[in-house]
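A quick write-up on the structure given underneath.
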Amino acid sequence: MYKALYGDSRLAVNDRISFAIDVLGVAGMLYIGALARIPLPFTPAPLTLQTLVVLVAPFLLGRSRALAGIGLYLVLGLSASITNVSVFTTASGATCGYLAGFLVAPVVMARFPKTPAGVFTAMAAGSMLILLLGALWLSVFLRISPGQAVLIGLAPFLPGDMIKVALACVIVRRLGV
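The opening residue of the sequence shown carries number 237 in this note's numbering; numbering runs sequentially from there.
This is the structure:
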(Lines of atoms letter the chains of each structure in order from A; the text may use other names.)
(Lines give C-alpha, C1' and ligand atoms only; values in the text may rest on other atoms or scores of the structure.)
Protein backbone atom coordinates (compact mmCIF):
# COMPACT_ATOMS: atom_id res chain seq x y z
CA MET A 237 0.00 0.00 0.00
CA TYR A 238 2.83 2.41 0.88
CA LYS A 239 4.36 1.97 -2.56
CA ALA A 240 0.98 2.51 -4.21
CA LEU A 241 0.50 5.74 -2.26
CA TYR A 242 4.01 7.14 -2.42
CA GLY A 243 5.59 5.32 -5.34
CA ASP A 244 9.29 5.95 -5.69
CA SER A 245 9.17 9.39 -4.09
CA ARG A 246 11.44 8.27 -1.25
CA LEU A 247 13.94 7.13 -3.83
CA ALA A 248 13.82 10.51 -5.53
CA VAL A 249 14.38 12.26 -2.20
CA ASN A 250 17.26 9.94 -1.38
CA ASP A 251 18.78 10.61 -4.80
CA ARG A 252 18.61 14.36 -4.20
CA ILE A 253 20.16 13.99 -0.76
CA SER A 254 22.89 11.77 -2.17
CA PHE A 255 23.54 14.30 -4.95
CA ALA A 256 23.80 17.16 -2.43
CA ILE A 257 26.16 15.20 -0.18
CA ASP A 258 28.39 14.28 -3.13
CA VAL A 259 28.48 17.87 -4.39
CA LEU A 260 29.30 19.21 -0.93
CA GLY A 261 31.91 16.48 -0.55
CA VAL A 262 33.69 17.45 -3.76
CA ALA A 263 33.65 21.15 -2.80
CA GLY A 264 34.94 20.28 0.67
CA MET A 265 37.70 18.06 -0.68
CA LEU A 266 38.77 20.81 -3.07
CA TYR A 267 38.96 23.18 -0.12
CA ILE A 268 41.07 20.70 1.85
CA GLY A 269 43.23 20.10 -1.23
CA ALA A 270 43.84 23.83 -1.50
CA LEU A 271 44.94 23.99 2.13
CA ALA A 272 47.71 21.53 1.30
CA ARG A 273 49.62 24.12 -0.68
CA ILE A 274 53.29 24.61 -1.29
CA PRO A 275 54.22 28.03 -2.68
CA LEU A 276 56.95 28.00 -5.28
CA PRO A 277 59.30 31.00 -5.54
CA PHE A 278 59.44 31.04 -9.35
CA THR A 279 55.70 30.92 -10.10
CA PRO A 280 52.54 32.52 -8.72
CA ALA A 281 50.75 29.15 -8.79
CA PRO A 282 51.33 26.93 -5.73
CA LEU A 283 51.42 23.15 -5.63
CA THR A 284 48.13 21.81 -4.22
CA LEU A 285 46.24 18.54 -4.00
CA GLN A 286 43.19 19.95 -5.78
CA THR A 287 44.08 18.26 -9.06
CA LEU A 288 43.88 14.89 -7.30
CA VAL A 289 40.27 15.66 -6.34
CA VAL A 290 39.40 16.82 -9.86
CA LEU A 291 40.87 13.61 -11.31
CA VAL A 292 39.13 11.21 -8.91
CA ALA A 293 35.68 12.78 -8.52
CA PRO A 294 34.29 12.13 -12.03
CA PHE A 295 35.15 8.44 -11.84
CA LEU A 296 33.81 7.85 -8.33
CA LEU A 297 30.76 10.12 -8.45
CA GLY A 298 30.05 10.75 -12.12
CA ARG A 299 30.68 13.77 -14.28
CA SER A 300 27.61 15.78 -13.25
CA ARG A 301 28.24 15.44 -9.52
CA ALA A 302 31.92 16.24 -9.95
CA LEU A 303 31.16 19.32 -12.07
CA ALA A 304 28.50 20.49 -9.61
CA GLY A 305 30.95 20.17 -6.73
CA ILE A 306 33.71 21.98 -8.59
CA GLY A 307 31.26 24.69 -9.65
CA LEU A 308 30.02 25.08 -6.09
CA TYR A 309 33.59 25.41 -4.85
CA LEU A 310 34.33 28.11 -7.41
CA VAL A 311 31.04 29.97 -6.94
CA LEU A 312 31.36 30.06 -3.18
CA GLY A 313 34.85 31.42 -3.52
CA LEU A 314 36.43 28.80 -1.34
CA SER A 315 39.62 29.21 -3.31
CA ALA A 316 39.62 32.90 -2.45
CA SER A 317 39.12 32.35 1.27
CA ILE A 318 42.43 30.53 1.54
CA THR A 319 44.42 33.58 0.51
CA ASN A 320 42.01 36.06 2.12
CA VAL A 321 41.28 37.88 -1.11
CA SER A 322 37.97 38.58 -2.76
CA VAL A 323 36.46 36.16 -5.24
CA PHE A 324 36.80 38.73 -8.01
CA THR A 325 40.53 39.06 -7.40
CA THR A 326 40.97 35.29 -7.53
CA ALA A 327 38.78 34.95 -10.61
CA SER A 328 41.08 37.28 -12.49
CA GLY A 329 44.27 36.25 -10.68
CA ALA A 330 47.19 34.11 -11.71
CA THR A 331 45.45 30.80 -10.93
CA CYS A 332 42.28 31.50 -12.92
CA GLY A 333 43.36 29.28 -15.81
CA TYR A 334 43.91 26.30 -13.53
CA LEU A 335 40.50 26.86 -11.92
CA ALA A 336 38.89 26.96 -15.37
CA GLY A 337 40.69 23.72 -16.13
CA PHE A 338 39.00 22.14 -13.11
CA LEU A 339 35.67 22.64 -14.89
CA VAL A 340 36.81 21.51 -18.33
CA ALA A 341 38.83 18.43 -17.32
CA PRO A 342 35.91 16.25 -16.11
CA VAL A 343 34.04 16.88 -19.37
CA VAL A 344 37.04 15.73 -21.41
CA MET A 345 37.82 12.82 -19.07
CA ALA A 346 34.27 11.47 -19.41
CA ARG A 347 34.89 10.77 -23.10
CA PHE A 348 37.45 8.04 -22.40
CA PRO A 349 36.57 4.37 -21.84
CA LYS A 350 36.29 3.15 -18.25
CA THR A 351 39.00 0.53 -18.71
CA PRO A 352 42.19 0.76 -16.61
CA ALA A 353 44.12 2.14 -19.61
CA GLY A 354 41.27 4.50 -20.46
CA VAL A 355 41.08 5.81 -16.89
CA PHE A 356 44.82 6.43 -16.83
CA THR A 357 44.72 8.18 -20.22
CA ALA A 358 41.72 10.25 -19.17
CA MET A 359 43.42 11.37 -15.98
CA ALA A 360 46.67 12.21 -17.76
CA ALA A 361 44.71 14.19 -20.35
CA GLY A 362 42.71 15.96 -17.65
CA SER A 363 45.84 16.87 -15.75
CA MET A 364 47.55 18.19 -18.89
CA LEU A 365 44.46 20.19 -19.80
CA ILE A 366 44.43 21.86 -16.38
CA LEU A 367 48.14 22.68 -16.70
CA LEU A 368 47.78 23.96 -20.28
CA LEU A 369 44.86 26.25 -19.39
CA GLY A 370 46.79 27.44 -16.34
CA ALA A 371 49.89 28.21 -18.39
CA LEU A 372 47.85 29.89 -21.13
CA TRP A 373 46.21 32.16 -18.58
CA LEU A 374 49.58 32.89 -16.94
CA SER A 375 50.92 34.12 -20.27
CA VAL A 376 48.01 36.57 -20.49
CA PHE A 377 47.97 37.55 -16.82
CA LEU A 378 51.73 38.05 -16.48
CA ARG A 379 52.18 39.35 -20.06
CA ILE A 380 54.84 36.79 -20.88
CA SER A 381 55.36 34.56 -23.90
CA PRO A 382 53.57 31.22 -24.05
CA GLY A 383 56.98 29.51 -23.85
CA GLN A 384 57.83 31.34 -20.64
CA ALA A 385 54.39 30.49 -19.27
CA VAL A 386 54.98 26.80 -19.96
CA LEU A 387 58.31 27.03 -18.14
CA ILE A 388 56.76 28.53 -15.00
CA GLY A 389 53.19 27.27 -15.15
CA LEU A 390 53.34 23.78 -16.62
CA ALA A 391 56.79 22.18 -16.58
CA PRO A 392 57.42 22.47 -12.82
CA PHE A 393 54.09 20.79 -12.08
CA LEU A 394 54.44 17.81 -14.46
CA PRO A 395 56.30 15.44 -12.10
CA GLY A 396 53.88 16.07 -9.24
CA ASP A 397 50.86 15.78 -11.51
CA MET A 398 52.03 12.45 -12.89
CA ILE A 399 52.32 11.21 -9.29
CA LYS A 400 48.78 12.52 -8.68
CA VAL A 401 47.56 10.69 -11.80
CA ALA A 402 49.10 7.43 -10.57
CA LEU A 403 47.63 7.92 -7.09
CA ALA A 404 44.23 8.84 -8.54
CA CYS A 405 44.25 5.66 -10.65
CA VAL A 406 44.96 3.58 -7.54
CA ILE A 407 42.18 5.33 -5.60
CA VAL A 408 39.65 4.87 -8.40
CA ARG A 409 40.61 1.25 -8.94
CA ARG A 410 40.33 0.44 -5.22
CA LEU A 411 37.09 2.35 -4.66
CA GLY A 412 35.08 1.84 -7.74
CA VAL A 413 35.94 1.75 -11.42
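We put the beta carbon where it would ideally sit given N, CA and C, even for glycine.
CB of residue 366 within 7 Å of CB of residue 337, strictly: At the C-beta level, residue 366 and residue 337 come within 7 Å of one another.
DSSP beta-bridge partners of residue 283: Looking at the DSSP output, residue 283 bridges to 274.
Three-way DSSP call (helix, strand, coil) for residue 375 in this model: Correct three-state label for residue 375: helix.
Can you list, in chain order, the residues of its chain with a C-beta nearer than 7 Å to that of residue 405? Leave out the 5 residues immediately preceding and following it. Closer than 7 Å at the Cβ level, and outside the excluded window around residue 405, lie 355, 356 and 359.
Run the CB neighbour count on residue 371, radius 10 Å, all protein chains shown included, and call it buried at 16 or more, exposed below. Looking at its Cβ environment, which holds 16 or more other Cβ atoms inside 10 Å, residue 371 is buried.
Taking residue 282 and residue 288 to be in contact with their CB atoms under 8 Å, please state how far apart those CB atoms are, rounded to whole angstroms. Between the beta-carbon of residue 282 and that of residue 288 there is about 14 Å, and that puts the pair past the 8 Å contact cut.
Complete runs of the alpha helix (DSSP H) confined to the segment 339-396 [at least 4 residues]: Counting only runs of 4 or more, we get 352-377 and 382-389.
If contact is defined by three or more beta carbon pairs under 8 Å, each pair taking one atom from either stretch, is the segment 340-351 in contact with the segment 388-404? As far as the Cβ criterion goes, the segment 388-404 does not touch the segment 340-351, which means the pair count is below three.
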